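Written out below as C-alpha cells is the structure these notes cover.
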Amino acid sequence: GAVVSQHPSRVICKSGTSVKIECRSLDFQATTMFWYRQFPKQSLMLMATSNEGSKATYEQGVEKDKFLINHASLTLSTLTVTSAHPEDSSFYICSAPLTSGGGTQYFGPGTRLLVL
Amino acid sequence: AQSVAQPEDQVNVAEGNPLTVKCTYSVSGNPYLFWYVQYPNRGLQFLLKYITGDNLVKGSYGFEAEFNKSQTSFHLKKPSALVSDSALYFCAVRAMGGQNFVFGPGTRLSVLP
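Going down the list, the protein sequences come from chains Z and F. To convert, note that position 63 of the first sequence is 481 in our numbering; the numbers rise steadily by one, no gaps. To convert, note that position 89 of the second sequence is 738 in our numbering; the numbers rise steadily by one, no gaps.
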C-alpha cells in the first residue's frame, strides 16, 4: 500500500515558539494532502487541505495565520504551528489520497505536539 | 451535508467470537465508504473500502464490511476476533466527486482473552 511519513513523531516546545511538521508521500505523488487534528479519545478534525502549487484551503474556525501550510512539491507538505500555546498541544495527522481507487486516503503516523 | 454515525463508543467481545462494529452514513448521491483502524499514538491504517460492486467487501486482517444501501449502513465484521484487534475503529464517507472524508466519532473495540 501507499506510504505516508511524518516528522517529527513527537515534539515538545516552549510557548511562543514555532514548530514545523513535515508530511511526505513516499511512493506516490500527491497534489493534495490533508491535515487533521485529533484530541484525546475523539475523532479526527479536518484542519485544512494542502494543495500543491496553490494556497491551502482552511476549514471554518482554523486560523490560517497560526497554522501555516506549504505544499512545496508533489510529495511534501508542511504544517507550521506559529507562536504555539499550550492549547495547541494535540495529535496532528496528515494524509494523502490516491487519485485512483476511490481516493483512499493514506495516513501518516502522526505527530504528538506538547507546548509547555 | 455528509455525516457518519458510529452508535457504539465501545464494543467488547471475547476472543474467538465474531465482532461487529456499526456504522451508518448520510451523503448525497452514491457514497464511497471506508474503514480505518488506529492503534495508540499511531496514524490511521486503511482496512477496506466500498466504491461499487459487491456489497460484501473483504479487507485486511480478516475484516469485512457489508454495504446496505437501504439501511445506509456499512458495518465492519470479523468472524473470529483476536486480542490484537483491540483498537479504535473509524468509519468514513466520501461523496462521489468530492475529496474530503467525513469521519465517524470512532468505536473502541476491546477483545478480551
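C-beta: ideal position from N, C-alpha, C; glycine also. None of these values were measured; they are calculated from a predicted model.
- Message: Rounded to the nearest angstrom, what separates residue 477 (chain Z) and residue 699 (chain F) at their Cα positions?
- Response: 26 Å
- Task: Name the one or two DSSP bridge partners that residue 494 (chain Z) has.
- Result: Z:442, Z:491
- Query: Does residue 750 (chain F) come within less than 8 Å of chain Z when only Cβ atoms are used?
  - Reply: yes
- Query: Do you know whose CA, among F:679, F:656, F:760, F:670, lies nearest residue 719 (chain F)'s CA?
  - Reply: F:679
- Message: Looking at chain Z, is there any beta carbon in it that lies within less than 8 Å of the beta carbon of residue 739 (chain F)?
- Response: yes
- Check whether the Cβ of residue 690 (chain F) lies closer than 8 Å to any Cβ atom in chain Z. yes
- Query: Are residue 499 (chain Z) and residue 437 (chain Z) closer than 8 Å when you measure CB to CB?
  - Reply: yes
- Determine the contact status of residue 738 (chain F) and residue 725 (chain F), defining contact as a CB-CB distance below 8 Å. yes
- Item | Positions along the stretch 453–469 of chain Z whose CB lies within less than 9 Å of some CB in chain F | 454, 456, 459, 460, 461, 462, 463, 464, 467
- Buried or exposed: where does residue 439 (chain Z) fall if 16 or more other Cβ atoms within 10 Å of its Cβ makes it buried? buried
- Which word fits residue 508 (chain Z), buried or exposed, when buried means at least 16 other C-beta atoms lie within 10 angstroms of its C-beta? buried
- Span of the beta strand (DSSP E) holding residue 503 (chain Z)? Careful: residue 503 (chain Z) lies outside any beta strand (DSSP E) and carries neither H nor E.
- Proximal chain Z residues relative to residue 754 (chain F), where beta-carbon distance stays under 8 Å: 460, 461
- Query: In terms of residue numbering, what span does the beta strand (DSSP E) encompassing residue 674 (chain F) cover?
  - Reply: 673–675
- Using a Cβ-Cβ cut-off of 7 Å (strictly less than) and excluding sequence neighbours within five positions of residue 731 (chain F), which residues of its own chain qualify? 664, 760
- Item | Contacting residues, own chain, Cβ-Cβ under 8 Å from residue 469 (chain Z) (five flanking each side not counted) | 449, 450, 475, 489
- Verify whether the separation of the beta carbon atoms of residue 522 (chain Z) and residue 442 (chain Z) is less than 8 Å. no
- Taking 8 Å as the CB-CB limit, is residue 698 (chain F) close to chain Z? yes
- Task: Pick out whichever of Z:433, Z:529, Z:511 has its Cα sitting closest to the Cα of residue 467 (chain Z).
- Result: Z:511
- residue 647 (chain F) to residue 670 (chain F) span [Cα, whole Å]: The structure shown has nothing for residue 647 (chain F), since chain F only spans 650 to 762.
- Query: So the beta strand (DSSP E) residue 652 (chain F) belongs to, where does it begin and stop?
  - Reply: 652–654
- Item | Nearest-angstrom beta carbon gap, residue 464 (chain Z) and residue 454 (chain Z) [assumed within contact, 8 Å] | 6 Å
- Exposed or buried, which one is residue 487 (chain Z) when buried takes at least 16 other CB atoms within 10 Å? buried
- Along the beta strand (DSSP E) that carries residue 423 (chain Z), what are the first and last residues, could you check? 422–425
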